[in-house]
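*Asks:* Here this note's numbering is used: the first residue of the sequence shown is 35, the next is one more, and so on. Each residue gets a CB set at the ideal place from its N, CA and C atoms; glycine is no exception. This structure is in structure tokens; I'll ask about it shortly.
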Amino acid sequence: MRQLDSKKIVVATHNDGKLREIRELLMPYGLEATSAGELGLPEPPETGTTFEENAYTKAFAAASATGLPALSDDSGLEVDALDGDPGVYTADWAEKAGGSGRDFGMAMRKVEDLLQEKGATEPARRGGRFVAVLCLAWPDGHAEYFRGEVEGKLVWPPRGTRGFGYDPVFKPNGHAQTFGEMSSGEKHSWEAGRGDLGLSHRARAFARFATAMLEPA
Ligand code: IMP
């Protein structure tokens, strides 16, 4: 596995919620992290059919534009009763008509309406997971991948105003609160050097990235 030899990286995202969480996770390591959004880099179209493909597209675009290693996150919600949808299209389901931004209230309701159509009212039939794939890409095209997943249940109505995206309708298994009700510290449940994988999909992928790239053996 190629090692990270730079103290400067670009976080290849235009999503403020993801950027905030990745910066929190990076903080203990003293890396200098700018973001693709802050640098005004264009957002490449995500045309892949896997989280890995889309993560690579974003990371490589930022790495080649800046000459720095770039870390991207491609993530989404897979709902079992919907055959894994919205999956890689999780952000697209929030796209407002006419391309005028994103509405996650609408997207959460769409998931709920489809669950109702399937008669999936019992918690046992409302399982799913958040998935995050982090990709670290270098300007020469080399890339390393780190995946994290968290299993949970879809709840309705949405609960909590913290977090971002679909957080208010996702309750991780073994917890009473949705991600929307948790502080970001509770949602990550991970600290540098603690040796476990944390709670959220992003924290779990990040823990793997940190162990491989940021914590010398
Ligand atoms: P993408 O990775 O840019 O394709 O977008 C993934 C989408 O999945 C985001 O826009 C969010 O709506 C959703 N998502 C990913 N991670 C989270 C999370 O931690 N909480 C809530 N929603 C998430």
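Can you name, in chain order, every residue of its own chain whose Cβ lies under 6 Å from the Cβ of A141, other than the five neighbours on each side?
*Replies:* Setting aside the 5 residues that flank it on each side, A141 is surrounded in the same chain by W127 and A128, each with a C-beta closer than 6 Å to its C-beta; the list follows chain order.
*Asks:* When the distance is taken between beta carbons, is S217 closer than 8 Å to R196?
*Replies:* yes
*Asks:* Express the C-alpha separation of L116 and A67 in angstroms, rounding to a whole number.
*Replies:* 37 Å
*Asks:* Can you list, in chain order, the residues of its chain whose CB lies under 7 Å from that of V189, leaving out five sequence neighbours each side?
*Replies:* V203, K205 and T212
*Asks:* Please go through the region 135 to 211 and give each complete alpha helix (DSSP H) segment of 4 or more residues, from N-terminal end onward.
*Replies:* Entirely contained in the region 135 to 211, the alpha helix (DSSP H) runs reaching 4 residues are, in chain order, 138 to 151.
*Asks:* Should T91 be labelled buried (16 or more other beta-carbon atoms within 10 Å of its own) or exposed?
*Replies:* buried
*Asks:* Is the beta carbon of G182 less than 8 Å from the beta carbon of A237?
*Replies:* yes
*Asks:* With a CB to CB cut of under 7 Å and the five nearest residues on each side skipped, what residues in its chain are close to L148?
*Replies:* L116
*Asks:* Rounded to whole angstroms, what is the Cα-Cα separation between N88 and L38?
*Replies:* 21 Å
*Asks:* Using a Cβ-Cβ cutoff of less than 8 Å, which residues in the same chain neighbour G194 once the five nearest sequence positions on both sides are dropped?
*Replies:* D201, P202, Q211, T212, F213, G214, E215 and M216
*Asks:* Compare the C-alpha of E253 against each of N49, A246 and A125 and name the closest.
*Replies:* The structure shown does not extend to residue 253, since the chain is modelled only from 35 through 251, so no value can be given for it.
*Asks:* For K221, count neighbouring C-beta atoms within 10 Å of its own C-beta (all shown protein chains included) and say buried if the count is 16 or more, exposed if not.
*Replies:* buried
*Asks:* How far does the alpha helix (DSSP H) with L111 in it reach, from first residue to last?
*Replies:* Here L111 belongs to no alpha helix (DSSP H); instead the beta strand (DSSP E) covers A104 to V113.
*Asks:* DSSP three-state call for A67: helix, strand or coil?
*Replies:* strand
*Asks:* CA-CA distance, R159 and A96?
*Replies:* 40 Å
*Asks:* At a cut-off of 7 Å, would you count G64 as near ligand 1, judging by its Cβ distance to the nearest heavy atom?
*Replies:* Closer than 7 Å to some heavy atom of ligand 1: that does not describe the Cβ of G64.
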